[in-house]
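Student:
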């Protein structure tokens, strides 16, 4: 069984999707539809920059989604490999969960783009710039990271945001607490802590105002039935009910991205191959979590052609 997986923030780069759009009208249609939904020439920012505009959270989130959905649409329409026939389940990292839901039919492309732009702006607005921060803890497992976060909170917020793989955990919270954690990382048996170049402390309790905004937005635009089970970030378990997933998407804004556990659960459920669409970020994580499974990344037309030939 295959899992189709979709990357999160940080995978954006200027030029993303340009070669695919040049090669395929189906990819171009995706980018044009997203531009129209947002009343913004996002495809031009993706193609040409400037980089600081692309990395703005409210632009990066729909851009990463659009690139992945364009990749999927080319796979489905030019090469005849439909997700519903090829994948036993889907999952995405943070914003990638919305991409996965779009891919599986729970949201239209236009609604996904609008929800992610709102999600990005709401997350950015939830905490004043400079108040929050995030750090990657290298050589940390979840136990060490949790102990460090608890020790350095000192009355502030310092929480595990992403449990990515057995060697990397990300923490999020007040900037002072994150800086204390970086200083004390080695004392907790962690190789090092690196402050991340992000504009807000994602996936921690400081994001509650953004969660409230998403609850309202998802009430107006709820997910509908989707074609294959989705493994949710906050539970690391399969979801099939759209109403359950709507609640989980709200919780996801402040909740931990349990990626390591999600991959383990998908493997336990029979997944033997993980196919990352539109990026090369998650596949290496999967390799560190489950070394015996196959991983494939689909980014270019050559990637898609090779994958289609293999599964013809």
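In our numbering, the protein residues as written are 4 to 315. Glycine included, every Cβ here is placed at the ideal spot set by N, Cα and C. Since we're looking at a predicted model, the values are computed, not measured.
Does DSSP put residue 176 in a helix, in a strand, or in coil?
Tutor: strand
Student: Within the stretch 204 to 232, note down every full alpha helix (DSSP H) run reaching 4 residues or more, in order along the chain.
Tutor: Taking only runs of at least 4 residues, the alpha helix (DSSP H) segments lying wholly in the stretch 204 to 232 are 211 to 223.
Student: In its own chain, which residues sit with a C-beta less than 7 Å from the C-beta of residue 52, not counting the 5 before and 5 after it?
Tutor: 17
Student: At a cut of 8 Å, does the stretch 78 to 96 reach the stretch 304 to 313 through at least three beta carbon pairs?
Tutor: Touching, yes.
Student: Compute the distance between the beta-carbons of residue 282 and residue 71, then report whether it is under 9 Å.
Tutor: In this structure, residue 71 lies closer than 9 Å to residue 282 by Cβ.
Student: Go through its chain and collect everything with a Cβ distance to residue 155's Cβ below 7 Å, but skip five positions before and after it.
Tutor: 161, 180, 183, 184 and 187
Student: Considering only DSSP beta bridges, list what residue 195 is partnered with.
Tutor: 141
Student: Let me check one thing: in DSSP terms, what residues is residue 263 bridge-paired to?
Tutor: In the DSSP output, where bridge partners are listed per residue, residue 263 has none listed.
Student: For residue 130, I'd like the list of residues in its chain whose CB is within less than 7 Å of its CB, leaving aside the five on either flank, ordered along the chain.
Tutor: 203, 204 and 209
Student: Can you give the beta carbon distance from residue 93 to residue 7, rounded, assuming they're within the 8 Å contact cut?
Tutor: Taking C-beta atoms under 8 Å as the contact rule, residue 93 and residue 7 qualify, at a distance of about 5 Å.
Student: Hey, how far is the Cα of residue 174 from the Cα of residue 280?
Tutor: So the two alpha carbons sit approximately 26 Å from each other.
Student: Could you check which residue in 140, 157 and 201 has the C-alpha nearest to that of residue 166?
Tutor: 140
Student: Out of 113, 253, 299 and 236, which one is the CA nearest neighbour of residue 268?
Tutor: The candidate whose alpha carbon is nearest that of residue 268 is 236.
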